[in-house]
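In what follows, a single structure is set out as structure tokens and then discussed.
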Amino acid sequence: MRARTTQLKNMLASGRLEFILEAHNGLSARIVEETGFKGIWASGLALSAQHAVRDNNELSWTQVVGQLEFMTDATGIPILLDGDTGYGDFNNMRRLVRKLGQVGVAGVCIEDKLFPKANSFIHGERQALEDIQTFCGKIQAGKDSQADDDFSIVARVEAFIAGWGLDEALKRAEAYHGAGADAILIHSKHSQPGEVLDFAKEWAGRSPLVIVPTKYYATPTEVFEQAGISLVIWANHMLRTCIEAMQSTAANIHETHSLVESEGQVATVEEVFRLQGAEELLAAERRYARGHSHTATAIVLAASRGQGMDELTRERPKVMLPVAGVPMLRRQIDKFKKQGINDITVVAGYRHDAIDVQGADILVNENWESSGELASLSCALINFSDDMVIIYGDLLFRSYLLHNLLDWEAELLVVVDSSELSTALGNINDLAYCSTPDNRAMYQQKVTLKQVTAKLAPEAGQPDGRWIGMLRVTGAGEQHLRSALETLQVREDFNTLGLPHLLNQLVVEEHPPQVQYVNGHWMDINNLDDLERAGTFEYTQGV
Ligand code: SPV
Ligand code: MG
103 MRARTTQLKN MLASGRLEFI LEAHNGLSAR IVEETGFKGI WASGLALSAQ
153 HAVRDNNELS WTQVVGQLEF MTDATGIPIL LDGDTGYGDF NNMRRLVRKL
203 GQVGVAGVCI EDKLFPKANS FIHGERQALE DIQTFCGKIQ AGKDSQADDD
253 FSIVARVEAF IAGWGLDEAL KRAEAYHGAG ADAILIHSKH SQPGEVLDFA
303 KEWAGRSPLV IVPTKYYATP TEVFEQAGIS LVIWANHMLR TCIEAMQSTA
353 ANIHETHSLV ESEGQVATVE EVFRLQGAEE LLAAERRYAR GHSHTATAIV
403 LAASRGQGMD ELTRERPKVM LPVAGVPMLR RQIDKFKKQG INDITVVAGY
453 RHDAIDVQGA DILVNENWES SGELASLSCA LINFSDDMVI IYGDLLFRSY
503 LLHNLLDWEA ELLVVVDSSE LSTALGNIND LAYCSTPDNR AMYQQKVTLK
553 QVTAKLAPEA GQPDGRWIGM LRVTGAGEQH LRSALETLQV REDFNTLGLP
603 HLLNQLVVEE HPPQVQYVNG HWMDINNLDD LERAGTFEYT QGV
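Going by my numbering, the first residue of the sequence shown is number 103, and it counts up by one from there.
Structure, rendered in structure tokens:
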């Protein structure tokens, strides 16, 4: 990306008609940029009006620079400041140009009036113009003070505004051009573009020409193009549009004593967050924030209704069924929070409207009925992080299991229960075959996963335990997981696949997850019997 000074300079010299739009703070500047404009006009009128002060230099120049800092921080496109008269003499101009360079402003426009100036559209003809030589001195001083060669100084000729004719306008423009101005702004308050077009014709491309068609707005843009104008400044519409929006919303709320009617008419709170860049901060927190909050995030798969639980799940998904009076999902979220994991995503599906996520992020797998766990997991791809726990929503477990999972260092880590109870039953799923069986004598032995199967796989021998439905992903593990998921996504039967398929795919792609063996202290809820037993489990173990 070129420097903003260079971008503005190139726009002025592009030989095409270019456009910049007014902005008056960081937010409006960001909106102008993301709309597609190549540059921003930091309008003196708008900068002062947003604070309900007049466009008569009531705002100090340092206050102007303070606002510009927010605007340059919020954007990457050039900003041309409406620098009024330069806020004083040649010396003030020097300091202004140096400061603008420091805060990343690409150029400044100064007008040949006297400080304090007034807006050109309020009795413009009563305003005295600056002495030509004095103004040329200001331009020269500014040019000599710029640290960046590509910084632009636009000289604004107010001769027409002040009631003078074409000759005076041309005389001034010629002098300012000679003093080093990079472009001339010729201003007019007429509703027809006549005087500006006459000027453009006589000026004949001696330097780039800039116009502000606020008053002659009805002129077709092609006319400016044909006149050889370089830059059109749309000078105040961001300010004016928000005034009207604010007036109408304020009136409506005042009249109705309610937000109901306004709600659909205003930006959502989420849109506010987006414009503020909230996402970036969340990502940065994952990277940098240490301390009380764990940097890990969690993804909870909670899309299914639950088989054989029709009566109980008529109004809510399985994860909202209470266990000892508290919904399963709530128990899980509380456990995550206890470990300092506050960035939790719940992927819902069936009756997602009935889910109380307690501040967690909720994403919906709309095709929950015809798809499986991996389809749900794919819905959460945007929330993947390089430190996350993926978990079945119907899992009850003692807190220490999660604590230990977070305590181990492994790019991919699965929790496997090696207790006899888990492998004794023939009809259970998620059987785990590992590189070595659990050897409790060896602390943190390095074991890797070989396979997870739905049923006993006689050819694989005796399973080493049961995967409990918890997976931890860190560092490069995230990329391995994404690639394995991508490989599976192209399969025709993708919608039938569950998390064990993903684990097996990781093994195939030579990124076998490490195994952390545990012994009991968890249960999953697959049927009514489980649910009944779950109450007791939580009373006795659910800490
Ligand atoms: C501004 O936007 O503050 C300008 C342009 O100076 S105008 O208001 O048209 O004079
Ligand atoms: Mg102005």
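Glycine is no exception: its CB is placed at the ideal position from the N, C-alpha and C atoms.
All figures in this text were calculated on a predicted structure; none of them were measured in a lab.
S72 CB to nearest heavy atom of the ligand MG below 7 angstroms: Limits of the chain in this structure are 103 at one end and 645 at the other, which puts residue 72 out of reach.
C-beta atoms of L311 and I335 nearer than 8 angstroms: Not in contact: L311 and I335 (Cβ atoms no closer than 8 angstroms).
For F192 and K240, believed in contact at Cβ under 8 angstroms, the rounded distance: 5 angstroms
Beta-bridge pairing of M175 - partner residues as DSSP gives them: A quick correction: the sequence has Asp, not Met, at residue 175. DSSP lists no partner for D175.
Boundaries (first-last residue) of the alpha helix (DSSP H) holding V65: Because residue 65 is not part of the residues shown, which for the chain are 103 to 645, the question remains open.
Stretch pair the region 210-222 + the region 255-271: three plus CB contacts closer than 8 angstroms: yes
Which residues DSSP lists as bridging F121, in chain order: V334
Whole alpha helix (DSSP H) elements within the region 188-274, 4-residue minimum: 192-204, 234-247
Rounded Cβ spacing between G637 and V425 (contact assumed at less than 8 angstroms): About 6 angstroms separates the two Cβ atoms, so the contact holds.
Beta-carbon proximity of G226 to A271, cut-off 8 angstroms: no
Within the region 574-616, ranges of the beta strand (DSSP E) (whole runs, at least 3 residues): None, since the region 574-616 contains no complete beta strand (DSSP E) of that length.
Per-residue burial, A127 [other beta carbons within 10 Å of its own, 16 or more giving buried]: Residue identity check: residue 127 is Asn in the sequence provided, not Ala. That one is buried.
Local Cβ density within 10 Å of E594, reported as buried at 16 or more and exposed below that: exposed
Burial state of D175 (16 or more Cβ within 10 Å): exposed
Collapsed DSSP secondary structure at F499 in the structure displayed: Correct three-state label for F499: strand.
Burial state of F253, where buried means 16 or more other Cβ atoms lie within 10 Å: buried
Straight-line Cα distance separating D436 from S501: 10 angstroms
Contact check, A404 vs V449, beta carbons under 8 angstroms: In this structure, V449 lies closer than 8 angstroms to A404 by Cβ.
Counted within 10 angstroms of its Cβ, other Cβ atoms place K557 as buried (16 or more) or exposed: By the 10 Å Cβ count, K557 comes out exposed.
Close-in-space but distant-in-sequence residues of the same chain around V325 (CB under 8 angstroms, 5 per side omitted): P295, L299
Exposed unless 16 or more other CB atoms sit within 10 angstroms - verdict on D519: Taking a 10 Å sphere around the C-beta of D519, we find 16 or more other C-beta atoms and assign the residue as buried.
8 angstroms Cβ shell around V491 - same chain, five flanking residues per side excluded: A398, T399, A400, I401, F438, I443, L504, L507, L508, M572, L573, R574, V575
Three CB pairs or more closer than 8 angstroms across the region 477-491 and the region 414-424: no
Counted within 10 angstroms of its Cβ, other Cβ atoms place R104 as buried (16 or more) or exposed: exposed
Residues surrounding the ligand SPV [beta-carbon distance to nearest heavy atom under 5 angstroms]: Residues flagged by the Cβ proximity filter: S145, G146, L147, D184, S222, V314, T316, A337.
Span separating the alpha-carbon of D184 from that of N158: 13 angstroms
H279 beta carbon less than 8 angstroms from that of R308: yes
Pair within 8 angstroms by beta-carbon distance, N629 and G410: yes
Distance, P429 Cα to F639 Cα: 14 angstroms
contact_flag[the region 607-618, the region 576-587] where n(CB pairs < 8 angstroms) is 3 or more: They touch, by the three-pair rule.
Cα-Cα separation between V516 and V617, rounded to whole angstroms: 5 angstroms
Ranges of the beta strand (DSSP E) found wholly within the region 451-506, counting only runs of at least 3: If you keep only unbroken beta strand (DSSP E) runs of at least 3 residues inside the region 451-506, you get 463-466, 489-494, 497-499.
Residue span of the beta strand (DSSP E) that contains K303, given as start and end: K303 -> not in any beta strand (DSSP E); alpha helix (DSSP H) instead, spanning 296-305.
Beta carbon of L551 nearer than 8 angstroms to that of L605: yes
Anticipated Cβ contact below 8 angstroms, Q553 with V592, distance rounded: Not confirmed; about 22 angstroms, so no contact.
Option nearest W181 by Cα separation, candidates G203, V207, R156: Correcting the residue identity first, residue 181 is Ile in this sequence and not Trp. From the listed residues G203, V207, R156, the smallest Cα separation to I181 is found for V207.
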